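Count the sequence shown with the working numbering and you get residues 1 to 144, in order.
No residue lacks a Cβ here, since even glycine has one placed at the ideal position from N, Cα and C.
The model shown is predicted, which means the values in this text are computed figures rather than measured ones.
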Amino acid sequence: MLESGAEALVNTVNTVGVMGKGIALQFKQAFPVNYKEYRNACKKGELVTGKLLVVKDSNLLTGEKTIINFPTKRDWKSPSKNEYIASGLIALLSFLKESTLKSIAIPALGCGNGGLDWKVIKPMLTGMLSELSMDIIVYEPVQV
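Put into structure tokens, the structure is as follows:
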């Protein structure tokens, strides 16, 4: 996903400042500025479910990207919840409608380490974002 070519990348995160597994760990390693801003926002209590943290960062491999940190769970030890995805999608839709972005890559929100069912999340995701006129690349989970 990190090498997708999309202008914006959605990073699934918790709200306690830990990027220790899954796609979040890949983002931590690839985009250190994003990780620092994410940690600071978590320490200040500014990042909660239903809100996004948008950061511009770059690396030699991908160039500049808009990173959209999307909380799918409160604590890294806890499971994700469908309502966190729903409220986050509302925030994402609002952000994307006002942005000039032309493409976005989105993982299976909460369906990896978060434990959610992709059969429930996929229609939520595709239904919510269907009104956008941009390229949307959705990365489905490896095991459904």
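I'd like to check one pair, residue j with residue i: are the Cβ atoms closer than 9 Å?
| i | j | result |
| --- | --- | --- |
| Asp57 | Val18 | no |
| Leu101 | Glu7 | yes |
| Ser87 | Thr49 | yes |
| Asn11 | Asn69 | yes |
| Val138 | Pro71 | no |
| Met128 | Leu92 | yes |
| Tyr84 | Gly115 | no |
| Tyr35 | Lys43 | no |
| Ser94 | Thr66 | no |
| Ile90 | Ile136 | no |
Residue i: buried (16+ other C-beta within 10 angstroms of its C-beta) or exposed?
| i | result |
| --- | --- |
| Ser80 | buried |
| Leu47 | buried |
| Thr45 | For clarity, residue 45 is Gly in the given sequence; the question names Thr instead. Gly45 comes out exposed. |
| Val142 | exposed |
| Leu9 | buried |
| Val144 | Caution is warranted here: a pLDDT of 45 is assigned to Val144, below 50, making its placement in the model unreliable, and the coordinate value is therefore given only provisionally. When all chains shown are included, Val144 counts as exposed. |
| Glu64 | exposed |
| Ser133 | exposed |
Check each candidate in the options and name the one with the smallest Cα separation from residue i.
| i | options | result |
| --- | --- | --- |
| Val54 | Ala41, Gly45, Thr62 and Leu61 | Ala41 |
| Ile121 | Glu140, Gly22 and Ile104 | Glu140 |
| Thr62 | Gly5, Asp135, Leu132 and Ser130 | Gly5 |
| Lys97 | Ser130, Arg39, Tyr38 and Gly22 | Ser130 |
| Gly59 | Phe31, Ile23 and Leu132 | In the sequence under discussion, the amino acid at residue 59 is Asn, which differs from the Gly named in the question. Considering only alpha carbons, the answer is Phe31. |
| Lys73 | Lys119, Val16, Gly20 and Met1 | Val16 |
| Gln26 | Tyr38, Glu37 and Met1 | Met1 |
| Lys21 | Glu37, Lys77 and Lys119 | Lys77 |
| Asn82 | Glu37, Ala24 and Trp118 | Trp118 |
Under 8 Å from any heavy atom of the ligand SAH, does the C-beta of residue i make it?
| i | result |
| --- | --- |
| Val18 | The model on display carries no ligand, and the ligand SAH is accordingly not part of it. |
ask   = Taking the runs of the alpha helix (DSSP H) that are 4 residues or longer, which of them lie wholly in the stretch 53–138?
value = Contiguous alpha helix (DSSP H) elements confined to the stretch 53–138 occur at 82–98 and 118–129, taking only those with 4 or more residues.
request  = Would you mind listing the alpha helix (DSSP H) stretches within the stretch 25–56 that are 4+ residues and don't spill past its ends, in chain order?
outcome  = Within the stretch 25–56, the complete alpha helix (DSSP H) runs of at least 4 residues are 32–43.
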